[in-house]
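J.: Structure provided below as structure tokens; questions to follow.
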Amino acid sequence: MAGSYSAEASLCYLFRLHKLTPIQPRANRLIPRLLIIALGLVASLWGAASTGQTLVLVSIDGFRWDYFDWPQAKNVRSIAAQGSRVTKLRTVYPSKTFPGHLSIATGLHPTQHGVIDNYFCRSDRSDCYSMGKGRKDPSWLAGIPLWTLVEQQGGRASTFFWPESDAPFANRLPTDYRAFDGRVPHRERVQQVVDWLALPAEQRPELVTLYFSIVDSASHTYGPAAPATLSAIIEVDRQIAVLWQAIESINSQQGADINLMLVSDHGMSEVNPDLFIDTNTLPRPKGFKRVNGSTRVTYYQRDPDVDIDSLESELDSMSDGRWKRLSSLDLSERHFENHPGVGDIIIETAPPRVFRRGGGQDVNLRGMHGYPATVEDMAAFLVAVGPSFQEGSVIPEAHQLDVYPVAATLLDLEVPDNIVSDGGPLRAILRAR
Ligand SMILES: [Zn+2]
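Per this note's numbering: the sequence shown = residues 18 to 450.
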């Protein structure tokens, strides 16, 4: 995808092309109701995993760590005051939507779960990945996301959007899920989640996910502090308030133990179109495939006889401080190695620059992410509130990869051996049982 902007900013736009997909029919809707209840009882007796706890995992795409303190996020802040908060949630590399969401969901680095960017190619296959491709071709995906882990261990997972949650992992889909469609109104998403949570205890899902992309979209187009971004924060903040109010009421009226965790996948940096690097000015020698990832450009060697060294020298001599060619040490520090998607040469820029075809002319692009976690603006946020979470705890820093083991502990699930983190500092948000 040559247009960096489309690869980055228009997650919604791409998915708008999909038809509105009704909720997937649950197989057991066809089974008589009594049987469902009987199965539910058996499942809850067998499901040693069931602690009666539910986790609602909500992602606010592009909600930068410091938005939490902005006036527009007042509901999020007052909810957080009843629970725990991570000030800066550090991101995997690259700090992009699909890699980040899948790292939160699987506990694995992008090079382990396979989705190393929103758009990328691989040296071992001729086709390339684009956002949401796992649904039709799950061979791009690896790892066991939380919703699959729940289902494998006898529970029920219900997803109302999360990147690739409509794709089969280990040949399974969540009991309830929707194919992504950015046009579905926020209140409809929240209402469906509330309906799932209000189910009788034996049918209530252990895990529910919910996803909002509006803050990311607005901040890409207008910038992280633009009025449109502030309005987007207000809108999501209001939806979160509605959701939390419903959770509190179900918890008190039905004696449920529903917990809420809010996360984001990355932050956002202000960018300056006057400084954009026109990808048309970069070399495109025969025998290489060149892929623009907005914050970096990757060259994949397609012909074994091409001269990598001379392309590297050419890129270095053209840079003039505008980009840096990533060394194997850089890649290793970012856990971005040993995967056929990594490519053979990567050049990376820093804010306020991005790579874009045509440079910065006539472009509505004022915010970007994808830079390494050392760029402070890339940090995400996390809020956790509910019966299983500590009250009033503020953790200065944790990592996206800490979410998976902590969620698994809350739900009493056994985790796969290959996950990266044991929960690290994030374990402190859990209340002792
Ligand atoms: Zn984005």
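Glycine included, C-beta positions come from ideal geometry on N, C-alpha and C.
Predicted model only: the values in this text are computed from it and were never measured.
1) With a threshold of 7 Å, establish whether the CB of residue 337 neighbours any heavy atom of ligand 1.
2) With distances taken between CB atoms, is the gap from residue 340 to residue 362 smaller than 8 Å?
3) Could you check if residue 361 belongs to the surroundings of ligand 1, using beta carbon to heavy atom distance under 7 Å?
4) Can you give the beta carbon distance from residue 276 to residue 427, rounded, assuming they're within the 8 Å contact cut?
5) Pull up the distance between the alpha-carbon of residue 105 and that of residue 440, whole angstroms please.
6) Using 10 angstroms around the beta-carbon of residue 308, count the other beta-carbons present and answer buried if the total reaches 16, otherwise exposed.
7) To the nearest angstrom, how far is it from the Cα of residue 392 to the Cα of residue 85?
8) Buried or exposed: residue 149, going by 16 or more other Cβ atoms within 10 Å of its Cβ?
9) Would residue 86 count as contacting chain B if we go by Cβ distances under 8 Å?
10) On a CA-only basis, which of 291, 437 and 447 is nearest residue 129? Give me that one, please.
11) Relative to the alpha-carbon of residue 386, which residue among 96, 114, 68 and 88 has its alpha-carbon at the smallest distance?
12) Mapping DSSP to helix, strand and coil, what is residue 93?
13) Over what stretch of residues does the alpha helix (DSSP H) that includes residue 239 continue unbroken?
14) Please report the Cβ distance between residue 225 and residue 249, rounded to the nearest whole angstrom; I am assuming they are in contact, meaning their Cβ atoms lie under 8 Å.
15) Could you have a look at residue 312 and say whether DSSP puts it in helix, strand or coil?
16) Extract the residue ranges of the beta strand (DSSP E) inside the region 341-427, only unbroken runs of 3 or more that lie entirely within it.
17) Would residue 143 pass as a contact of residue 317 if the rule is Cβ separation under 8 Å?
18) Between residue 131 and the rest of its own chain, which residues show a CB-CB distance below 7 Å, the 5 nearest in sequence each way excluded?
19) Mark residue 236 as exposed unless 16 or more other C-beta atoms lie within 10 angstroms of its C-beta, in which case mark it buried.
20) Give the DSSP-derived three-state secondary structure of residue 136 in the structure shown.
21) Which whole-angstrom value is the C-beta distance of residue 284 and residue 81, which I expect to be below 8 Å?
22) Tell me whether residue 102 sits in a helix, a strand or coil according to DSSP, three-state version.
23) For residue 449, is the classification buried or exposed, using 16 other Cβ atoms within 10 angstroms of its Cβ as the cut-off for buried?
24) Anyone know if the C-beta pair for residue 146 and residue 351 falls short of 8 Å?
25) For residue 429 and residue 274, what's the separation of their Cα atoms in angstroms?
26) Considering just the uninterrupted stretch of the beta strand (DSSP E) at residue 77, what are its terminal residues?
27) Considering only the beta carbon of each residue, do residue 125 and residue 424 sit closer than 8 Å?
28) In three-state DSSP terms, what is residue 328?
29) Would you give the residue range spanned by the beta strand (DSSP E) that residue 206 belongs to?
30) Is residue 79 near ligand 1, going by C-beta to nearest heavy atom under 7 Å?
31) Is residue 170 helix, strand or coil when you go by DSSP?
32) To the nearest whole angstrom, what separates the beta carbons of residue 287 and residue 383, a pair I think is in contact under 8 Å?
33) Taking the alpha helix (DSSP H) that residue 255 falls in, what are its first and last residues?
T.: Taking the definition as stated:
1) no
2) no
3) no
4) 7 Å
5) 15 Å
6) buried
7) 18 Å
8) buried
9) Here there is only one protein chain, and chain B is not present.
10) 437
11) 114
12) helix
13) 231-239
14) So it is not a contact: roughly 23 Å between Cβ atoms.
15) coil
16) 362-365, 397-402 and 410-416
17) no
18) 157, 158 and 159
19) buried
20) strand
21) 3 Å
22) strand
23) exposed
24) no
25) 14 Å
26) 70-77
27) no
28) helix
29) Per DSSP, residue 206 belongs to no beta strand (DSSP E); it is in the alpha helix (DSSP H), 203-214.
30) yes
31) coil
32) 6 Å
33) 244-271
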